[in-house]
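Enquirer: Take a look at this one; I'll ask things after.
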Amino acid sequence: MPAIGRSVRRLEDRRLLTGRGKYAADFRLPGLLHGAVLRSPHAHARLGEIRSKAALALPGVVAVVTFDDLGDVGRIPTRLGHQAGNVVCLQRPLASEKVRYVGEPVAFVVAESRYLAEDALDVMEVDYEPLPAVADARRSVEAGTPVLHDAVGGNVATTLHTRKGDATAAMAAAHVRVRERLAVQRHTGIPMETRGLTAAFDAGTGMLRLWGVAKIPHFNRRVLADLLGHPEHLIQFTELEVGGGFGVRGEFYPEDFLVPWSAKRLGRPVQWIEDRREHLMAANHSRQQYHDVEIGFDRDGRIVALVDHFMVDLGGYIRTHGVVVPELTAALLPGPYRIPHYTAEARCVLTNKTPTGTYRGPGRYEGTFVRERLMDIAARKLGVDPLELRRRNFITPDEMPYDVGGGALAQRTVYDCGDYASALDKALAALDYESARREQAEARRQGRSIGIGVGFLVEKAGLGPWEYARVEIDATGHVVVYSGVASVGQGIETTLAQVCADELNVSPEKITVVHGDSARVPFGVGGFASRGASVALPAALEAARKVRAKIFRVASTLLEAAADDLVLDDGAVHVRGVPDRRVTFRELARAAVPGPPDMEPGLYAAHFFEAPMMTYPYGCHAAVVEVDVATGTVKILKYAIAYDIGKAINPMIVEGQLVGALAQGIGGALLEELVYDEQGQLLTTTFMEYLVPTVMEMPESTEVRILEETPTPLNPLGVKGAGEGGSSGCGAAVANAVADALAPLGVSITALPLSPDRLSALIRAAGDSR
Amino acid sequence: MKPPRFDYLIPRSLDEALGVLAQHGEDAKVLAGGQSLVPLLNFRLVRPAHLLDLNDVAGLAGIRVDDGHLTIGAMTRQRAVETSALVRERCPLLAEAMPQIGHVQIRNRGTIGGSLAHADPAAELPAVVAALDGELVLRSARGERVLTPDRYFVAYLTTAAEPDELLVEVRVPVTPPRTGVAFLEVSRRHGDFALVGVAATVTVDEAGVCTAGALALTGVGPTPVVARDAVRTLVGARPTPAAFEEVGRRVVAGLRPDGDLHASSEYRAQLARVLSARALARAAERAAAGAERAKSDRR
């Protein structure tokens, strides 16, 4: 039975479930010191003198590092979404001259324990001269508001433009126009494991080692080498277990410089473990956008134009994701619909808040909410069923590949394949849509408010530009896969083993997967953007194919038989029909060095799989909710996701990713919000204020349909990527369902999250105005 | 998120514990289940010089009935109260409120006394004790005193206990016959502190006429709010939905709840009104069912 397509149990769970996994905070070295970051309590202030004397006088305090100690350190560069003009907004590892958000690192304390380091933070003295702060992006662009970065000459870092056709003319000629202001709140990824890092420097060899890195170890090693002025080959990055990434964890943050810098300077290993309060104020925030969007239809309800002016709140600095979130928002806003004329203008705005980056489904969670909410509002205005309006406008399979008209990540948005109408039907069937409508009607008669909504999404996945893999059969006959991908808990070890297992005819459980160690894997791009399955797996597949060819080459020499007559089975090769004439992997691996004269020595091979174009998985979320009108509370009664990913390597893992992402989507729809007051103080710094859904907030029933109707032509496996679609459609589906439930009351839903307080206010206001 | 240095004291007897409190008073914090105190320590929001751990003190836990009262030792775990048949039978309001406190893991550690001593106005237990006109028993090296809830709960996170006093037990009257109870709350998530919670009891006579009722609310003031006057309007008549809604309106008339991140003042008032009416309706329904059962038992 082939391993591909089978719900093989996750290889990593053997160690994780038996308590043998080692996470960042589990890592220990002799003589380990512990760091703590002194963070700005002000949203905007001129930074004066920093006095460390009292802290340094405490027993067990080893060092206090401030900007002046760092010398000529550079700014942390962007990894994606680079804009030349934005370099002045990039963050330095420690604040100099000014602080621009609450939580900005001002000093780094190193002590014999974290307790002592925090004691030292208590007695640090910093002179701040508070400046007026701006916490609302909409106010930030007004004249006369405080400017964060003088070199920008205002608070708009960049404005991005997308143009297809002539939307202005088409809109003017539209039969019906619908315009709305829609907003998504600031929230972010909350990995169960916070960030953490350990660094140690060997002065004898010059080797600087880091443990606990994540997501993009090779890229970050290069960034660190540049910032430290340390040779890249003398830096080793090693991943430990990673308890969730979600876009947030693993980017290069100030602490990723401070920890190794201190270890190198002090000559002693230093560990820093982010606490939850720090995570909520220091790790990237995401999602906050304000859209002013208009859509135009012709007489038949066909979309003729879409015009969106939106604003993205970047926070106080530009971090490693540059302006990729606004880019992706504009690139995928049109979603599954044929839109001949499309204009988007994205203003990227600086505010005195935590800087931002990507969070699972970046730009798509927001854009899907905007577009799908707009479609429902338009359907009502047009007097058309919202599902019918979608069907009328879907791009059809025979229009693929389809150029949407915009682009992101230095490539045009060209959908590879898709059958959107079918995915909608599958989601509705999974929800049992017709009976849900009947139940809704019955509930209304009883005075209960039940609503049904869908959110159709087009995701993107499989970001290149390439990934590296090397497959090896070691001298004891074991199969090892080395991959440049990184684990963020997504099960990539298992799926890498699965694709190699089929090529080499061994069971996946017998394969060892190595990743996330720069000494053992020389090249890599990493684990993000739903790229593991569609970029890392094809690389491993091709490397395994090369090794398979070498196995036959060496075996045919040893067995004196033509390769065509050989059979590969369970770690050995035998001559067809003669099971006794056989050589094992162990024998083959030893014979392969140096091996036959015309073969590259060794039973191993590497492959770089290049992926110049992304894949575009798509699907539909559908929700049934009940709103208690008297209390404003929302209960999700039933939920369905149909998602086409081309090919599921491991359906169990795919389902787990979709449902896990759904939990985060529900968080964004109903619960999670990073709230600031007008002075830029973050009010949500613990899990008492920042509400992450638990299992109790999940729908009473969730149906997942993994679709394989349109395999992508862009890679040999046909896989697209499954990491984000479980989240992206959720804000839209839940909002549309709530709006449907409250439609008889005249309530209009235009912003997330749908907290009971806000819904109650909307219900009260609708009651007053009637 | 690491606490500053403190001396950790673990007495074995109540006298020893009271001795420590007499000596250190203001400088000591009492550790019971730790479900509120430990986070406060880790955030450095409290910085006691001495931490007095009650977990090894004998005789502070237990549930018993005497003199028409249910008496619960301060160190009784919330989960033990939740699963107690005695509590379910003699004080169903308390039994109904218990599972709404946090999650099972929290109730396994959290104690009755810890919650009442912490006096968070959003918590369930203070409202239950207030609704039932319970008694809080304080002990110190100087002696013992017994306070009613209105004297015990002074302000937000503040009780009338002196620094040398320890809450050792709480007493609530055994629920009379033909009494229905309900505890309803709205929270952002399952297990969160309620935005507003309502504890209600309704007692009816054999004819179904309301003879007594009680209502206490969480989350709408600095201490649990007891709505005595509003409920009195129910007495002397057969309760009706309109009457419950009227009580809800009266409850809110006297309230000025503070707004916060999760609930504005208006929304809390709305919840207080809606939940008061709903809780009374449910309690009355149960009281009526209890009266019916009593009748048919006699036949």
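These protein sequence lines map, in sequence, to chains X and V. Just remember that this note's numbering sits 17 ahead of the position in the first sequence, which is counted from 1. Take the second sequence: its position 222, counting from 1, is numbered 206 in this note's numbering, and each next residue is one higher. For glycine and all other residues, C-beta sits at the position ideal for the given N, C-alpha and C. As the structure is a computational prediction, the values presented were derived from the model and not from experiment.
1. Short check: CB of G332 (chain X) to CB of L367 (chain X), under 9 Å?
2. T185 (chain V) and A267 (chain V) - do their beta-carbons sit closer together than 9 Å?
3. Compile a chain-ordered list of the residues in the stretch 238 to 249 of chain V whose CB is closer than 7 Å to at least one CB of chain X.
4. Give the single residue among X:E476, X:A518, X:L687 whose Cα lies nearest to the Cα of E822 (chain X).
5. On a CA-only basis, which of V:L179, V:P160, V:R126, V:E119 is nearest Y136 (chain V)? Give me that one, please.
6. Got a sec: is the Cβ-Cβ distance from G213 (chain X) to anything in chain V below 9 Å?
7. Extract the residue ranges of the alpha helix (DSSP H) inside the stretch 50 to 94 of chain X, only unbroken runs of 4 or more that lie entirely within it.
8. Between the Cα of N103 (chain X) and the Cα atoms of X:T337, X:V592, X:S452, which residue gives the shortest distance?
9. Within 10 angstroms of its Cβ, does T(-8) (chain V) collect 16 or more other Cβ (buried), or is it exposed?
10. Could you tell me if P555 (chain X) is buried or exposed, where buried requires 16 or more neighbouring beta carbons within 10 angstroms of its beta carbon?
11. Once you ignore the five residues that flank R465 (chain X) on each side, which residues in its own chain have a CB closer than 7 Å to its CB?
12. Just the C-alpha distance for E146 (chain V) and V130 (chain V), rounded to the nearest angstrom, thanks.
13. At what residues does the alpha helix (DSSP H) containing M392 (chain X) begin and finish?
14. When DSSP builds the beta bridges, which residues end up paired with E344 (chain X)?
15. For the candidate residues X:A622, X:S573, X:L734, whose alpha-carbon lies nearest to that of P613 (chain X)?
16. Find the residues of chain V that neighbour R294 (chain X), judging by a C-beta separation of less than 8 Å, and give them in chain order.
17. Could you check whether H247 (chain X) and G229 (chain X) sit closer than 9 Å to each other, using their CB atoms as the reference points?
18. I'd like to check one pair, V498 (chain X) with H235 (chain X): are the Cβ atoms closer than 9 Å?
19. Please report the straight-line C-alpha distance between C747 (chain X) and D309 (chain X), rounded to a whole angstrom.
20. Please decide whether V143 (chain X) counts as near chain V, where near means a Cβ-Cβ distance under 9 Å.
21. Taking the alpha carbon of V736 (chain X) as the reference point, which residue from X:G494, X:G374, X:V755, X:S551 has its own alpha carbon closest?
22. Residues in the same chain with beta-carbon distance under 7 Å from T142 (chain V), minus the five sequence neighbours each way, listed in chain order, please.
23. By the 9 Å beta-carbon criterion, what residues does the stretch 544 to 568 of chain X contribute toward chain V?
24. Specify the secondary structure class of A579 (chain X) as computed by DSSP and reduced to three states.
25. Please say whether K664 (chain X) and E725 (chain X) have beta carbons closer to each other than 9 Å?
26. Beta-carbon of V231 (chain V) versus every beta-carbon of chain X: anything under 9 Å?
27. Can you tell me the Cα-Cα spacing of P351 (chain X) and A217 (chain X), whole angstroms?
28. With C-beta atoms as the reference, is G636 (chain X) less than 9 Å away from L474 (chain X)?
29. Alpha carbon to alpha carbon, how far is A447 (chain X) from L148 (chain X)?
30. Is the CB of Y251 (chain V) under 9 Å away from at least one CB in chain X?
31. Any C-beta of chain X within less than 7 Å: which residues of the stretch 253 to 273 of chain V qualify?
32. Between F177 (chain V) and chain X, is any beta-carbon pair separated by less than 9 Å?
33. Candidates X:I666, X:L779, X:I658: which alpha carbon is nearest V676 (chain X)'s?
34. Please work out which residues of its chain come closer than 6 Å, Cβ to Cβ, to T176 (chain X), disregarding the five sequence neighbours upstream and downstream, and give them in chain order.
35. Considering just the uninterrupted stretch of the beta strand (DSSP E) at L179 (chain V), what are its terminal residues?
36. Which residues in chain X have a C-beta closer than 9 Å to the C-beta of P(-12) (chain V)? List them in chain order.
Expert: The short version:
1. yes
2. yes
3. L245, H246, A247, S248
4. For chain X, the structure presents residues 18 to 787; residue 822 (chain X) sits outside this window and is missing.
5. V:E119
6. no
7. 70 to 74
8. X:T337
9. Here residue -8 (chain V) turns out to be Tyr, not Thr, going by the sequence shown. Classification of Y(-8) (chain V): exposed, given that the 10 Å Cβ count is below 16.
10. buried
11. E643
12. 13 Å
13. 381 to 399
14. BP columns for E344 (chain X) are empty, so no partner.
15. X:S573
16. M(-15), F27
17. no
18. no
19. 21 Å
20. no
21. X:S551
22. A103
23. none
24. coil
25. yes
26. no
27. 49 Å
28. yes
29. 55 Å
30. yes
31. Q254, L255, V258
32. yes
33. X:I658
34. R364
35. Run containing L179 (chain V): none; DSSP gives neither H nor E here.
36. Y132, E135, D136, D139
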